[in-house]
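Visitor:
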Amino acid sequence: MKSEHQSLIESYEGKLPLLVLEEIKEALPASVSKEKVKRILDETLASYTAAKINPGECVGLVSAESIGEPGTQMTLNTFHFAGVSEMNVTTGLPRIIEIFDAQKTIKTPMMEVYFKKEANTIEKVKAFAMELKETHFGDFASSFSLNIFEQTLSVEFNMSLLADHKMNTKDLLKALKFKSKGFTAEATTNSIVFTQKGKPEEIKDLYALKEKVRVTRVKGIKGVKQVLPVKRGEEYVVLTSGTNLNEVLMLPEVDTSRTICNDINEVYAVLGIEAARQSIINEVYKVIEAQGLNIDIRHIMLVADIMCVSGVLKGVTRYGVVSEKASVLARASFETPVRHLINAALEGEVDALTSVVENVMINQPVPLGTGLPGLITKLK
Amino acid sequence: MVEVYLNEKFIGTVDDPFSFVDDVKDLRRKGALSDDINVHIDHATQEVHVFCDEGRARRPLLVVKQGKLILTEKHLQQLRDGELTWIDLVRQGVIEYLDAGEEENALVAYQPQDLTVDHTHMEITPGSISGVASALVPFGNYNQSSRLIIGSKNQKQSLGFYAANFHLRLDMDANILHYPQLPLVKTKIHDITDYEQHPSGQNMVVAVMCYDGYNMEDGVILSKGSVQRGLARSTYFNPVKAEELRYSGGLIDEVSVPDAEVKGFRGEQDYRFLEADGIVSPESQVGEGDVVIGRTSPPRFLSSMDEYNLSTSTRRESSISLKHGEHGIADFVIISENEEGNKLVQVRLREERIPEIGDKFTSRHGQKGVTGILINQADLPFSASGIVPDLIFTPHGVSSRMTVSHLMELIGGKVAALAGRYVDGTLFEAENTDDVRAELLTMGFREDGVENFYDGRTGKRMLAKIYVGNMYYLRLRHMVANKMQSRARGPIQLLTRQPTEGKAKEGGLRLGEMEKDTFIAHGASLLLKERFDSDRVVVPICEKSGLLGYFDARSNKLISPVYGEDSTMSYVEMSYAFKLLLDELLSLGLYPKIELEDKY
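Taken in sequence, the protein lines are chains E and W.
Positions 976 to 1355 (the working numbering) are the ones given, in order, by the first sequence.
Positions -18 to 581 (the working numbering) are the ones given, in order, by the second sequence.
Set out below in structure tokens:
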């Protein structure tokens, strides 16, 4: 690149975004005259300026309409992939509501776990998937038998299942982190026997032990209920139902840069607000694409921005984004009006009437479009 | 051992439920037990249930034994000869009624050829899966089920000959079709229900084609010539009522022509249609605002003064006049008494309804459409034999709705009209359409029902052949004449000062929340304000207290509610709804203080 071109391009910094300038630099042919570079830059600047939103354009409402109108069609045709290959996922309108409301517990939490190159073979991924799945002590047991007279609880195991997980009874006992509070435990090749040391009257403790042991996690990551290794293009990916992003990301085989989770709140907690914003955009867009609708991604970006702009994830509800509105009247016009009005009166809030809803209420021009500019004349 | 319940009450146990149930059924068929009894084994709970109480929905089925019907050719012959009736067959155990429980134990065949040893019953007709209304749809079994439902629902809204004594009745919103016809393509149900006694549609020549787009998106095009000759013409009847109410103190309303002294007297002109008895003269053409029944009422509140002076001058006018948008001819007057013994006057208004743009029509297959235009007979397309369609239906309505029966009726109707016979379209038992088409071919037409057509405007032959035939079309009761309304200014609500809602109150069309959004999205801020000016008020506001003040006409001054005359008051423009909100906040005990500042 000639230095004169370099300086010419640099002179456009501030007028054009750096990303665009970078793109021009890369696309520029080796031999090009300075005049042509100037023309290219001017043309780019012109179309960039033309693409900018005008002042007074109400982007929020246009976004709301652009998402809302196709949304009405979405209610009716929710597709169900009845048992087909991948796992059952909430889609359609329920999912959109889930995301935009930033609901704490979502219906079908999922993760997509990607792997580093060296770990990406079918055997390794399969084994890893097994490791990932949350498995309880009771899952391996074929039978529990209580002996009241000897005060013992003996557990028989499904040995082939244990072998699949490359475990034996000793590992199980270890994983149980069994604390001998009045009990002793002994592992044989295909069973574990717990013996009560206390008096015979405390036999119900043995029952309690049985119920406690049954649901104790011995293997896998907490919260990962189901795993499904699938092939995505050239590589293998593990889909999970149930999430625990934090712990999965700490595993050495996992590609931390691509592994994601569909629970926005979890993404926010683990990866931060910027990741949450991107996650909202991706998740909503996924639903919209699956429905075959055509919504410009910028509308969704705007909603995601609003949800994340305070640095904390806020849902589009009366507790979230709406409670942030400056105007009392605007808040009161959206759900629970009396509460908002009374609280405003207690605090002596002042409504500056700067937004749309308030001005519609009092029948004044809304400060948007033609209502935005004012004319001032100099008095002579 | 199995428990036995009679009408859901435990009565005992049996050892062999199967033979028990069979015994009960046998006794019932023999007539030893009442045929109102039903019995079944509930396999899920292993219980026997016997029912003989009232209110169970039951349906008749032919009894089958060892894969053979008990009904024989002999029975049928005796039925034809009138030696047997339905009830005889029930008594003989040839037909029996099953309730929902016993149906669960039965295996029912549709047709004789389906019968096996396992079958216990057979349908009397396969069409019995549908009710009466949906059985009126010809070739209904060729349709999507939802269209069949829509088709039978539409028939309930059609104009026809609803009662033979209609000229003596005072039904609300009654319609009579002038020249009702029996459908050319009919079903057995039409015969059974005596449809010819109360038909509700007309056979029209229908062409499936377009004509300048006037029938797009569920529109239909009517021939003006046919309409002028009486096609789908109807009469609309609506009664107007007045009662002589009795009040305390022996006072009573009076139906009469009000005197000029009566409070609220409207003027001679408004009473011009009334006869001496205060009731409209029959056959007079009355319109909006005209008095139909003249009536006066006693004064509303009796003060002590008035008691000595009960002359007519204090009576109120309470005549019945036609509301906004109503008109018609006074058809029929009835003077009678109601349950309380008060005099009741009813006047029936009559109006001829000629089909016009916006009136709704439908075939019997859920293919409804709204009239888009009436076209002069000369301009309509015509066939080689000179046939001009009465109605033009759009082909785009068929593909997505899959109403095959609509297309079949069209060809069936064509054959019926040409051959001079009715075509049978009974559910599952309809005539074979291949035979019907073959018949069409023998009469010199193409068997697929299409014909060459010529454009009435240019006389040129159309490139496409047009699918044309006869169909039974119904005029539905939704007519524009009853619904059309517009307003530029008019009555407002007392509380909010916003326009009233609904046609009866001459209301406005609401510019709702979503419509408001479109204005904002376009940035048309000032236009939006103008649209919402319907309840605009200009109120004086006290700049010190920020509360609404008022204008005192005596002192010609603006008064602040807090500071009286010692405050600067400014006029502020706002919506009355917001002024109301401010008042309501005050009533909540909140102080909405308005801080004024200079606009510029």
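No residue lacks a Cβ here, since even glycine has one placed at the ideal position from N, Cα and C.
What you are looking at is a predicted structure, and each value in this text was computed from that prediction instead of being measured.
Using the rule of at least 16 other Cβ atoms within 10 Å of the residue's Cβ for burial, across every protein chain shown, is Y228 of chain W buried or exposed?
Guide: exposed
Visitor: Just the chain E side, please: which residues come within less than 9 Å of Y552 of chain W by C-beta, in chain order?
Guide: Neighbours of Y552 of chain W on chain E: none; closest Cβ ~14 Å, over 9 Å.
Visitor: Going by DSSP, which residues form a beta bridge with K1289 of chain E?
Guide: Answer is none; K1289 of chain E lacks a bridge partner.
Visitor: Using 7 Å as the threshold, is the C-beta distance between V261 of chain W and V328 of chain W below it?
Guide: Result yes, Cβ atoms of V261 of chain W and V328 of chain W sit closer than 7 Å.
Visitor: On the DSSP bridge list, what partners appear for C1236 of chain E?
Guide: E:M1086
Visitor: Taking the alpha carbon of N1334 of chain E as the reference point, which residue from E:P992, E:K1027, E:S1308 has its own alpha carbon closest?
Guide: E:S1308
Visitor: Pull up the CB-CB distance for T1110 of chain E and V1193 of chain E, whole angstroms please, since I reckon it's below 8 Å.
Guide: In this structure, T1110 of chain E and V1193 of chain E form a Cβ contact; the two beta carbons are roughly 6 Å apart against a cut-off of 8 Å.
Visitor: Run down chain W in chain order and give the residues with a C-beta less than 9 Å from the C-beta of C1283 of chain E.
Guide: Neighbours of C1283 of chain E on chain W: none; closest Cβ ~24 Å, over 9 Å.
Visitor: Could you tell me whether the Cβ of P1340 of chain E comes closer than 7 Å to any Cβ of chain W?
Guide: True, the Cβ-Cβ gap to chain W drops below 7 Å.
Visitor: Counting only Cβ pairs nearer than 7 Å, list the residues of chain E close to K497 of chain W.
Guide: V1335
Visitor: What whole-angstrom Cβ distance do S345 of chain W and Q136 of chain W have, given they're in contact under 8 Å?
Guide: Looking at the sequence provided, one finds Arg at residue 345 of chain W rather than Ser. Indeed, because the Cβ distance is near 6 Å, the residues count as touching under 8 Å.
Visitor: Starting from the beta carbon of S1331 of chain E, find every residue of chain W whose beta carbon is closer than 7 Å, and list them in chain order.
Guide: According to the sequence provided, residue 1331 of chain E is Val. The question's Ser does not apply to it. Within 7 Å Cβ-Cβ: I501.
Visitor: Which residues in chain W have a C-beta closer than 8 Å to the C-beta of G1344 of chain E? List them in chain order.
Guide: I501, H503, G504, A505, S506
Visitor: Ignoring anything shorter than 3 residues, give me the beta strand (DSSP E) runs that lie fully in the stretch 321 to 382 of chain W, in order along the chain.
Guide: 324 to 334, 341 to 343, 349 to 356, 372 to 374
Visitor: Secondary structure at E524 of chain W, three-state DSSP: helix, strand or coil?
Guide: The three-state reading of DSSP puts E524 of chain W in coil, since its state is none of H, G, I, E or B.
Visitor: Indicate the three-state DSSP secondary structure (helix, strand or coil) for I501 of chain W in the structure shown.
Guide: Secondary structure of I501 of chain W (DSSP, three-state): helix.
Visitor: Is the beta carbon of T216 of chain W less than 7 Å from the beta carbon of I157 of chain W?
Guide: yes
Visitor: Go to I1071 of chain E, then tell me how far its alpha helix (DSSP H) extends in each direction, as first and last residue.
Guide: 1067 to 1075
Visitor: According to DSSP, is Y252 of chain W part of a helix, a strand, or is it coil?
Guide: Of the three classes helix, strand and coil, the one that applies to Y252 of chain W here is helix, per DSSP.
Visitor: Counting only beta-carbon separations shorter than 7 Å, does S556 of chain W have a partner in chain E?
Guide: yes
Visitor: Please report the straight-line C-alpha distance between L96 of chain W and V75 of chain W, rounded to a whole angstrom.
Guide: 16 Å
Visitor: Using a Cβ cut-off of 7 Å (strictly closer), state whether V1188 of chain E contacts chain W.
Guide: No, V1188 of chain E lies away from the interface with chain W (no Cβ there is under 7 Å from its Cβ).
Visitor: Is the separation between the beta-carbon of V1229 of chain E and that of T1215 of chain E shorter than 7 Å?
Guide: no
Visitor: Ignore the nearest five residues each way along the sequence and tell me which others in P1348 of chain E's own chain have a CB closer than 8 Å to its CB.
Guide: G1031
Visitor: Do you know how far the Cα of K134 of chain W is from the Cα of T384 of chain W?
Guide: 15 Å
Visitor: For the pair the stretch 435 to 442 of chain W and the stretch 355 to 366 of chain W, tell me if three or more CB-CB distances fall below 8 Å.
Guide: A contact exists between the stretch 435 to 442 of chain W and the stretch 355 to 366 of chain W.
Visitor: What does G1031 of chain E touch in chain W if you count any residue whose Cβ is under 7 Å from its own?
Guide: G504
Visitor: Which two residues bound the contiguous alpha helix (DSSP H) that contains Q183 of chain W?
Guide: First-last for Q183 of chain W: 183 to 189, but that is the beta strand (DSSP E), not the alpha helix (DSSP H).
Visitor: Step through the CB atoms of chain W and report whether any lies within less than 7 Å of the CB of I1121 of chain E.
Guide: Ile is not the amino acid found at residue 1121 of chain E; the sequence shown has Leu there. Between L1121 of chain E and chain W, the shortest Cβ-Cβ separation is not below 7 Å.
Visitor: Could you confirm whether any beta carbon from chain W is found closer than 7 Å to the beta carbon of V1037 of chain E?
Guide: Cβ-Cβ to chain W under 7 Å: yes for V1037 of chain E.
Visitor: Expressed to the nearest angstrom, what Euclidean distance is found between the alpha-carbon atoms of A1104 of chain E and F1090 of chain E?
Guide: 11 Å
Visitor: Within 10 Å of its beta-carbon, does L88 of chain W have 16 or more other beta-carbons around it, so buried, or fewer, so exposed?
Guide: exposed
Visitor: Quick one: does A1320 of chain E have its CB under 7 Å from some CB of chain W?
Guide: yes
Visitor: Considering only C-alpha positions, which residue in the set E:L1151, E:S982, E:T1311, E:E997 is nearest to K1009 of chain E?
Guide: E:S982
Visitor: Establish whether the CB of L571 of chain W and some CB of chain E are separated by less than 7 Å.
Guide: yes
Visitor: Would you call the CB atoms of A1138 of chain E and L1148 of chain E closer than 7 Å?
Guide: Taking 7 Å as the Cβ cut-off, A1138 of chain E and L1148 of chain E do not qualify as a contacting pair.
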